[in-house]
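Please read the structure below before turning to the comments.
Protein chains: 2
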Amino acid sequence: MTLTSEPGPPTSTTTTLRPRRADARRNRERVIQAAAEIFAAKGLEAVIPEIARRAGVGKATVYRSFPSKEHLVAAVATERLEWITTLATDALSDPDPGAAFERVIMAIAERQSGDCAVAGSLAADIHLPELDEARMASHLAIGALIDRGRDAGALRDDATAADVRILITGVAHVLRETRERDPAVWRRFGEMIVDALRRR
Amino acid sequence: MTLTSEPGPPTSTTTTLRPRRADARRNRERVIQAAAEIFAAKGLEAVIPEIARRAGVGKATVYRSFPSKEHLVAAVATERLEWITTLATDALSDPDPGAAFERVIMAIAERQSGDCAVAGSLAADIHLPELDEARMASHLAIGALIDRGRDAGALRDDATAADVRILITGVAHVLRETRERDPAVWRRFGEMIVDALRRR
DNA sequence: ACCCAACCGGACTCCGGAGTCCGGTTCGCT
DNA sequence: AGCGAACCGGACTCCGGAGTCCGGTTGGGT
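Chains as they are written, first to last, in our numbering: chain A, 1 to 200; chain B, 1001 to 1200.
What follows is the structure in structure tokens.
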């Protein structure tokens, strides 16, 4: 977290330039791949040495491509958020707003059962431009989905995208600690979250 | 966590003997008091030096009364769990099982808004006999409450005490991180949790 | 009033994870 | 093939929180 960035050309803050050498590019990909796998299995709190080990490189090589752990997390988390954004945006074209909302929540829940990084991405207290942007996009997409559901009378009058985030990340946090991986369990909590936001 | 206990008389594992000297007893009380306040404000992850500072004693004095941080947490958490147990047990005599369940959840939610240690006690991954016992008691009491609610057709067929724990501690975890202290927010999530478990 | 066990707390060690350094190796351009 | 820049990774530092030690202080029984 000590960047002491030279002024230099205005490079992206979160993504370092693409390495020039082939081996470096290969390693970068391996690290992202390994990080995605480890984060999926253990959550975003997983430890760098383990990611490096799985990628078959040293710790310093990780830090070469990603100036801090946060940058690495952001690289993985951004993808997950974009997935959510797409999911929610697509659901906006569903004629039944209530069913659309339910389908989105269930899809997130189901994916979360095999990938801790999904909810982690919504929860992470990391603020890098790229990630903030992706988070905002997913927030808006879910917000739009909720607005439709509410207007259609399917959801609570005061339901918000923040509620979705809080319920999902909250449950995810507990379930991750107990290493719960059964998709059925996650589907069940998905139902409960939908019910929590449904109009009574 | 390195107890190296002399054989000696079979003392309780979690509660150290009452100190012989008056000042030591006074300090012990101060530490518990301070711990309760700090844990309430910042959650069970709060740091020992801060508790010592608020109690007006040194770190070592804390460790004199409580062999490890877990023991101190357990001392505070046990009380909270006993409060929950009483709450749930009392509610069993309510003629309307659905309303009783709702009242208990709302009471927990409301108290939680001003005391992070409540949900923390349900969530803590600490296993000391005294605490495990209190946790089990609260679990059984809530379980009984839920059984009644389910039999009366007010709650989901598959609702369990574990669900209550997961939903409450999950939401609590997120709300604590955002330093949310508004009781109204907590009441609202209390409603949602009740709805999540209600029969549709 | 005396005395010593019990207690106090500042300063220490220990540990684990984030981030850095540098001597050795490899890529890829010529 | 040759060579310098780019890259590699083992071993380091740094940091913060848990738990321990020991020289000085205090309580309370006689």
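Even for Gly, the Cβ is constructed at its ideal location relative to N, Cα and C.
Report buried or exposed for Val47/A, applying the criterion of at least 16 other Cβ atoms within 10 angstroms of its Cβ.
Exposed, because fewer than 16 other Cβ atoms sit within 10 Å of the Cβ of Val47/A.
Range of the contiguous alpha helix (DSSP H) that encloses Phe203/A
Residue 203/A cannot be examined here, being either before or after the span of chain A that is shown, 1 to 200.
Assigned exposure category for Gly1149/B - 16 Cβ within 10 Å defines buried:
Buried: at least 16 other Cβ atoms inside 10 Å.
How would you list, in chain order, the residues of chain B whose beta-carbon sits under 8 Å from the beta-carbon of Ile166/A?
Near Ile166/A (Cβ distances below 8 Å), the residues of chain B are Val1171, Val1174, Leu1175, Phe1189.
Scan the region 1138 to 1178 of chain B and note each continuous alpha helix (DSSP H) run of 4 residues or more that stays entirely inside, going in chain order.
Listed in chain order, they are 1161 to 1177.
Taking C-beta pairs closer than 7 Å, name the residues in chain B that Met136/A reaches, listed in chain order.
Ordered by position in chain B, no residue passes the 7 Å Cβ test against Met136/A, which lies about 17 Å from the chain.
Compare the C-beta of Arg1054/B against all C-beta atoms of chain A and say whether one is closer than 8 Å.
Contact of Arg1054/B with chain A is not assigned, every C-beta pair being separated by 8 Å or more.
So with Cβ pairs under 8 Å, would you call Arg198/A a contact of chain B?
True, the Cβ-Cβ gap to chain B drops below 8 Å.
Arg18/A (DSSP reduced to helix, strand or coil):
Three-state DSSP puts Arg18/A in coil, outside helix and strand.
Stretch-stretch touch, CB-based, cutoff 8 Å, three pairs: the region 105 to 125 of chain A with the region 174 to 194 of chain A:
The answer is yes - the region 174 to 194 of chain A touches the region 105 to 125 of chain A, with three or more Cβ pairs under 8 Å.
Does the region 1059 to 1078 of chain B come within contact of the region 1120 to 1136 of chain B, defined as at least 3 CB pairs closer than 8 Å?
Yes, they touch.
For chain B, find out if any of its Cβ atoms is closer than 8 Å to the Cβ of Met106/A; answer yes or no.
No, because no Cβ of chain B sits closer than 8 Å to the Cβ of Met106/A.
Taking 8 Å as the threshold (beta carbon to beta carbon), is Arg1020/B in contact with chain A?
So, not an interface residue.
Pair every Cβ in the region 1164 to 1178 of chain B with every Cβ in the region 1119 to 1127 of chain B, then say whether three or more of these pairs are closer than 8 Å.
Output reads yes: the region 1119 to 1127 of chain B touches the region 1164 to 1178 of chain B.
Where Ala41/A and Gln33/A are concerned, what is the direct C-alpha to C-alpha distance, given to the nearest angstrom?
C-alpha separation (whole angstroms): 13 Å.
Test: Asp132/A CB closer than 8 Å to a CB of chain B
No - not a single Cβ of chain B is within 8 Å of the one on Asp132/A.
Cut-off 6 Å between Cβ atoms - residues of its own chain near Val174/A, not counting five sequence neighbours on either side
Within the same chain, Val174/A has no close Cβ partners at all.
Can you find a CB in chain A that lies within less than 8 Å of the CB of Ile1142/B?
Interface residue (Cβ-Cβ distance to chain A less than 8 Å): Ile1142/B is not classified as such.
Val1185/B to Ala184/A span [Cα, whole Å]:
Annotation: Val1185/B to Ala184/A spans about 30 Å, alpha carbon to alpha carbon.
For the alpha helix (DSSP H) containing His1071/B, list its first residue and its last residue.
That run of the alpha helix (DSSP H) goes 1069 to 1091.
Can you tell me where the alpha helix (DSSP H) holding Leu1197/B begins and where it ends?
Its alpha helix (DSSP H) spans residues 1183 to 1197.
Could you tell me whether the Cβ atoms of Arg198/A and Ala144/A are closer together than 8 Å?
Taking 8 Å as the Cβ cut-off, Arg198/A and Ala144/A do not qualify as a contacting pair.
Which listed residue (Leu44/A, Arg20/A, Gly43/A, Ser65/A) has its alpha carbon closest to that of Arg30/A
When each option's Cα is compared against that of Arg30/A, the closest is Ser65/A.
If you check the beta carbons only, do Val1073/B and Ala1124/B fall under 8 Å apart?
Yes, the pair counts as a contact, with Cβ atoms nearer than the cut-off.
Cβ neighbour criterion (16 or more within 10 Å) applied to Arg176/A:
For Arg176/A, the number of other beta carbons within 10 angstroms of its own is at least 16, and it is reported as buried.
Nearest chain A C-beta to Asp1249/B closer than 8 Å, yes or no?
Residue numbering for chain B in the displayed model covers 1001 to 1200; residue 1249/B lies beyond these limits and cannot be assessed.
Contacting residues, own chain, Cβ-Cβ under 6 Å from Ala100/A (five flanking each side not counted):
So the qualifying residues of the chain are Ala91, Asp94.
For Pro1097/B, the nearest candidate out of Asp1147/B, Leu1140/B, His1127/B, Thr1086/B (CA to CA):
The candidate whose alpha carbon is nearest that of Pro1097/B is Asp1147/B.
Tell me the rounded alpha-carbon separation between Asp151/A and Ala88/A.
If you draw a straight line from the Cα of Asp151/A to the Cα of Ala88/A, it comes to about 17 Å.
Can you tell me whether Ser5/A is buried or exposed? The criterion is at least 16 other CB atoms within 10 Å of its CB, across all chains shown.
With a pLDDT of 36 at Ser5/A, under the threshold of 50, the modelled position of this residue cannot be trusted; read the value that follows with caution. Answer is exposed; the Cβ neighbour count stays below 16.
For Asp1195/B and chain A, any beta-carbon pair shorter than 8 Å?
Yes, its Cβ sits closer than 8 Å to a Cβ of chain A.
Closest Cα partner of Arg200/A within the set Ala159/A, Phe39/A, Glu37/A, Gln112/A:
Looking at Ala159/A, Phe39/A, Glu37/A, Gln112/A, the one whose alpha-carbon comes closest to that of Arg200/A is Ala159/A.
Ends of the alpha helix (DSSP H) at Val1118/B?
Element bounds for Val1118/B: 1117 to 1123.
Which one of Ala22/A, Arg21/A, Tyr63/A, Arg187/A has the shortest CA to CA distance from Ala35/A?
Of the candidates Ala22/A, Arg21/A, Tyr63/A, Arg187/A, the one whose C-alpha sits nearest the C-alpha of Ala35/A is Tyr63/A.
For Thr2/A, decide whether its Cβ has a neighbour in chain B, counting only Cβ atoms nearer than 8 Å.
Residue confidence is low: Thr2/A scores 38 on pLDDT, short of 50, so the model does not pin down where it sits. No coordinate-derived value is stated.
Same chain, Cβ closer than 8 Å to Gly204/A, five either side skipped, listed in chain order:
Past the boundaries of the shown model lies residue 204/A; chain A is included only from 1 to 200, so the question cannot be answered.
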